[in-house]
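Colleague:
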């Protein structure tokens, strides 16, 4: 079974731009969660989508948004990028919402200049 | 406010010895705890979990201990192997399906 894939793997943007990251979950998994990893903060939960609906949301500003498609693929969008948005963005898939066994992708490393 | 804390950013252990990674939490509503391992350039992989109704869960070389009164959990790796060198994250959930992660501890097992 193919694992979770994330594209692109690396991205460089400038302040004020917007970015869209993509995540393809493991086949059959309907839940996709997004996390931001930074050196000082660890992994911080952004949001979770299940069956195209946002089920949970972390404490991030509205500039961070996401969506899930009918094939369970998910996209995350960050608008009006700030320097502090530089981080590794990880997505994780699981068969159902809230499953403890999340399978993480390799992440997209975003650098905002 | 960091609800899940891993106060040791790094730990070095000799091969064959025990590795003990610690995690403290502040939210008494947390009822499910997990440990993840992360290698460079890879996403975290699930290692072991424990429910708040238990105080110990074992899986091979990995054992997680939960002390609810102290709001503390620990991961024991015995014996430690060089391949265990990675960053370890603990995570907690209060049934809302939202997992709060710690900042991670980098374990280095010396051959």
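Protein chains in written order, with our numbering: chain A, 4 to 116; chain B, 162 to 272. Positions of the beta carbon are idealized from the N, C-alpha and C atoms, including for glycine.
Using a Cβ-Cβ cut-off of 8 Å, state whether residue 259 of chain B counts as contacting chain A.
Modeller: Output row for residue 259 of chain B: interface = yes.
Colleague: So if I threshold CB-CB distances at 7 Å, which residues from the region 170 to 197 of chain B count as touching chain A?
Modeller: The residues in question are 193, 195.
Colleague: Determine, for residue 46 of chain A, whether the minimum Cβ-Cβ distance to residues of chain B falls below 8 Å.
Modeller: For residue 46 of chain A, the answer is yes, since a Cβ of chain B falls inside 8 Å of its Cβ.
Colleague: Given residue 227 of chain B, which residues of its chain have a CB within under 6 Å of its CB, disregarding the five upstream and five downstream residues?
Modeller: Same-chain partners within the cutoff: 211, 216, 234.
Colleague: Within 8 Å, do at least three Cβ pairs link the region 173 to 182 of chain B to the region 57 to 65 of chain A?
Modeller: Flag = no, the region 57 to 65 of chain A and the region 173 to 182 of chain B do not touch.
Colleague: 8 Å is my cut-off, CB to CB: does residue 59 of chain A come that close to chain B?
Modeller: Residue 59 of chain A counts as touching chain B.
Colleague: Pull the bridge partners of residue 237 of chain B from the DSSP assignment, please.
Modeller: DSSP lists B:181, B:224 as partners of residue 237 of chain B.
Colleague: Using a threshold of 7 Å, is the CB atom of residue 241 of chain B nearer than that to any non-hydrogen atom of the ligand COA?
Modeller: The ligand COA is absent from the structure shown, which contains no ligand whatsoever.
Colleague: Within the continuous beta strand (DSSP E) that includes residue 38 of chain A, where are the two ends?
Modeller: Unbroken beta strand (DSSP E) run through residue 38 of chain A: 34 to 41.
Colleague: Do the region 88 to 95 of chain A and the region 179 to 190 of chain B make contact, defined as three or more Cβ pairs closer than 8 Å?
Modeller: Touching, no.
Colleague: Within 8 Å (strictly less), CB to CB, does residue 28 of chain A reach chain B?
Modeller: So, not an interface residue.
Colleague: Counting contacts by CB-CB distance shorter than 8 Å, is residue 264 of chain B in contact with chain A?
Modeller: It does: the Cβ of residue 264 of chain B has a partner Cβ on chain A nearer than 8 Å.
Colleague: Is it true that the CB of residue 186 of chain B sits closer than 8 Å to the CB of residue 253 of chain B?
Modeller: Yes. Within cutoff.
Colleague: Does the Cβ of residue 15 of chain A have 16 or more other Cβ atoms within 10 Å, making it buried, or fewer, making it exposed?
Modeller: So residue 15 of chain A ends up on the exposed side.
Colleague: Taking C-alpha atoms, which residue in A:19, A:24, A:17 lies nearest to residue 79 of chain A?
Modeller: Residue A:24 is the option with its Cα nearest to residue 79 of chain A.
Colleague: Report back the beta-carbon spacing between residue 52 of chain A and residue 69 of chain A to the nearest angstrom; my notes put them in contact at under 8 Å.
Modeller: So it is a contact: roughly 6 Å between Cβ atoms.
Colleague: When burial is assigned at 16 or more other CB atoms within 10 Å of the CB, is residue 73 of chain A buried or exposed?
Modeller: The residue in question, residue 73 of chain A, is exposed, as its Cβ has fewer than 16 Cβ neighbours within 10 Å.
Colleague: Say whether chain A places a C-beta atom closer than 8 Å to the C-beta of residue 272 of chain B.
Modeller: No, because no Cβ of chain A sits closer than 8 Å to the Cβ of residue 272 of chain B.
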